[in-house]
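In the UniProt record's numbering, the protein residues as written are 1 to 943.
Every residue, glycine too, gets a C-beta built ideally from N, C-alpha and C.
Because the structure is a prediction, the values reported are computed rather than measured.
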């Protein structure tokens, strides 16, 4: 870019408001006026954001002329797309060093005027064939039948010169169908409302150009899918039969962050602050000179370049830069619908297509006027100049204020604000052009999304924002999207990040786009709006063209076409069935009639019919109401409605169709509404717990049963016995009966499968059960906690002179021959008689019993254990009972201590002595034999 003279001021503007999302800066001179003469020297300087800008030098060195004289250029049409693409062949003489870190710059203009709008491509010397010293530069995005002026620059170490110029005129466009790729968010695939809106959109577009061919492409949120989309776009661009000309992005998924890495040529690594990123969508439209190729490793569009200040005279050892490392050329025209709120995306899209259709069918109109809204400079003479330049727009407006404060003012202007809101909210315009400070949620002066949403109306076709960040699509309710959603607005041109702009003589730049070969001039002459922007203004990577890329200022409305009712199905309908009747979506104000009577609820181009009769339709096109021919719908008799009955067995269910034998055409079974199987039998065994229906057929008609729901209710466990229970006891848990198996679940334990509906537990557990009927598992019951309380320690009985003593001091109950002794709960039981004694100790409802204590008698009886002398001095003779076989003979004192013990494996042949060397007192002699205990009190007397 030329160095601005003293009267040429660069304006930098950005949001001054806090709280908004930060963006990396994108530097682009939107009013590019690079002017270099043949042989002119120049320097390339990176701006603060790393983007190269050209600055010419004042001298014309002879070396530049010598180099220029050794460069030859030829241009030929790209045979694949001769009307809008060409190949520039460059042959470099020996004066051009191609073995260093040099690069080339191609300037592209549509005028020989050196100050005219310029597209620029920066080219790495990787593009040069070093052996032949030649280079092929593809150039796309050209306009058919148009003169182009090319200037080739050579640069090394940030300096260089003009080395070649060439003129080329494109041929006429090939007469082929033009494809428009509709890139739609995956979530809207098969959405009937979105499909209907697109159907109407395509019909409206084909009315203007029957050669348009539409193809939908559904894009998910997977970042890798963006790379696949780009490859599909490239493939379709050169399609030999239906080349791709337009992209229409519908939804948020296609928007992406493009990244630029500014590398050190020696290390191929970026330094601090050398990565730049911005949200964009136009990257998909770059085909031939893509400066942000998709990197599948990072799933992102990435540019790699070297700062010319870091490149020396030596070649770059391992050049990984992008071949075309900076380009303002796009090859495909595009538009986008990016909803302001993701959760309301569908409604946003449908509202847009509805008003677009209303516009294309003549129901929405705009005054042929322009509103100029410059917040910096006076533009009072522009309304008349625009009228003179275009001949279309008259009675144009500007914002009326007593003073303009210039680009360095960061305050408020309530007069400007009030007049702007009044004019956009009450007047009608085809174009409103704004120039001023901006951010995603604010542009000068203090215009917010709420201000736009609260307007009573907004009847402006197109808003063009030469402002920072109003197209920041990542911010909720971003301004550009809010404008597009409000009123009748159909297109908004905006930028997603901070931008830079140039002005001349401190004049407003808003007149530029109305000049010859500029966007609004082409738009007024019948070009699609996306083509007008692509051919008439340098592309910016942050640019979002929001709205229909096929928007025309004057959509065609020819004589009304015939109104024809069509249907995708048969006009003979069965009971309960419907048939869809529809007419073309290119009409409006639809009315439907049955047997001559209007169906007042039917207002769309489709009608669902469930009754027989003669149907007609009326609708409007181009201001005329058209009537259709009648179409007859007849009703056929059908089979009776089948009824399903459910039979339940422990190991299965069975569904039976009734009435039995009434149907002979087979049975179509459905699970939860989805086709399952077809049978000739009237019974089936269900395979899932679900809702089942059956459809029967008779003479081409069918009848569907009501659904039968097969469910297993959540079982409830029943407990037999006490819970909590005592240790050693058991708890029986029961599940409902009539199931084939039960899976018993224990928390922190293994599952057990049984066929019994009950299970016994003898220890603490938290249990549940899952019943099964054959292969069908029911829900699991709620878990039940089983608790076993510990029993007290087992008590022992010791013999005392006064009776028996329990080892437990409390909670005793004495038993005689299995029966509780009344009032016998003390630790000591006194004066026991003959019998079997036990003591039971109870704690917290659980008890333990002692071993039995058998007392036969104090004195032995016939046939029992005999002890003599008793009392004695310490030696006693024992005679065994007749039934004795083997056993244990022991003597214990009154504390329960064993003082004598001997085992016998057989009955002794006669009396045996027992000598006790213990103190005088009462002792208990016990003989345990054959599961019985024989007990005799013995007394040792004092001497």
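Residue 882 to residue 752 span [Cα, whole Å]
54 Å
Cα-Cα separation between residue 417 and residue 434, rounded to whole angstroms
13 Å
Ignoring anything shorter than 4 residues or poking outside the region 506 to 566, list the alpha helix (DSSP H) runs there in chain order.
Counting whole runs of 4 or more residues, the region 506 to 566 contains the alpha helix (DSSP H) stretches 519 to 524 and 529 to 536.
Given 8 Å as the limit, is there contact between the region 182 to 193 and the region 346 to 356, that is, 3 or more CB pairs closer than that?
yes
Reference residue 535; option with closest CA among 877, 118 and 810
Of 877, 118 and 810, the residue nearest in Cα terms is 118.
Counting along the chain, where does the alpha helix (DSSP H) carrying residue 78 start and finish?
That residue, residue 78, is in no alpha helix (DSSP H); it is neither H nor E in DSSP.
Kindly indicate which three-state DSSP category residue 820 falls into: helix, strand or coil?
strand
Have a look at residue 337 and residue 208 and give me their C-alpha separation to the nearest angstrom.
Their backbone Cα atoms lie some 21 Å apart in a straight line.
Counting C-beta neighbours from all protein chains within 10 Å, is the total for residue 436 16 or more, i.e. buried, or is it exposed?
buried
Enumerated in chain order, which unbroken segments of the beta strand (DSSP E) with a length of 3 residues or greater are wholly contained in the region 671 to 722?
For the region 671 to 722, whole beta strand (DSSP E) runs of length 3 or above, ordered along the chain, are 674 to 679, 691 to 698, 701 to 704 and 718 to 720.
Which class does residue 400 belong to by DSSP, given the choice of helix, strand or coil?
coil
Can you tell me whether DSSP reads residue 280 as helix, strand or coil?
strand
For residue 86 and residue 445, what's the separation of their Cα atoms in angstroms?
45 Å
What's the call for residue 233, buried or exposed, on a 16-neighbour Cβ count within 10 Å?
When all chains shown are included, residue 233 counts as buried.
Length of the line joining the Cα atoms of residue 16 and residue 408
With a pLDDT of 30 at residue 16, under the threshold of 50, the modelled position of this residue cannot be trusted; read the value that follows with caution. Cα to Cα, residue 16 sits roughly 11 Å from residue 408.
What separation, rounded to the nearest whole angstrom, lies between the Cα atoms of residue 589 and residue 546?
Rounded to the nearest angstrom, the two C-alpha atoms are 28 Å apart.
Confirm, please, whether the CB-CB distance from residue 571 to residue 592 is below 7 Å.
no
Do residue 393 and residue 386 have their C-beta atoms closer together than 7 Å?
yes
Determine whether the beta carbon atoms of residue 735 and residue 641 lie at a separation below 7 Å.
no
Measuring alpha carbon to alpha carbon, tell me which residue in 871, 695, 299 and 415 is nearest residue 666.
695
Would you list the residues sitting across from residue 946 in a DSSP beta bridge?
This structure leaves residue 946 out entirely; the chain is present only between 1 and 943.
Roughly how many whole angstroms lie between the Cα atoms of residue 273 and residue 307?
13 Å
From the DSSP output, read off the bridge partner residues of residue 311.
DSSP, once it has assigned bridges, lists no residue as partnering residue 311.
Could you give the uninterrupted runs of the beta strand (DSSP E) lying entirely in the UniProt domain "Ig-like" (562 to 634), keeping only those of 3 residues or more?
579 to 582, 588 to 594, 606 to 609, 613 to 621 and 624 to 627
Identify whether residue 880 lies in helix, strand or coil by the three-state DSSP scheme.
coil
If you measure from the beta carbon of residue 449 to each beta carbon in chain D, is any gap under 7 Å?
The structure shown contains no chain D; it holds only a single protein chain.
Backbone CA spacing between residue 770 and residue 715 [nearest angstrom]
Approximately 8 Å, taken between the alpha carbons.
For residue 438, write down the residues that DSSP places opposite it in a beta bridge.
DSSP lists 443 as partners of residue 438.
Check whether residue 462 and residue 484 have beta carbons under 7 Å apart:
no
Name the DSSP bridge partner or partners of residue 926?
890 and 935
Let me know the secondary structure DSSP gives residue 179 once reduced to three states.
strand
Would you mind reading off the limits of the alpha helix (DSSP H) that contains residue 482?
Per DSSP, residue 482 belongs to the alpha helix (DSSP H) from 479 to 485.
Local Cβ density within 10 Å of residue 663, reported as buried at 16 or more and exposed below that
buried
Take residue 143 as the anchor and find which of 864, 430, 923 and 329 has the nearest alpha-carbon.
329
Taking only three categories from DSSP, how would you classify residue 347?
helix
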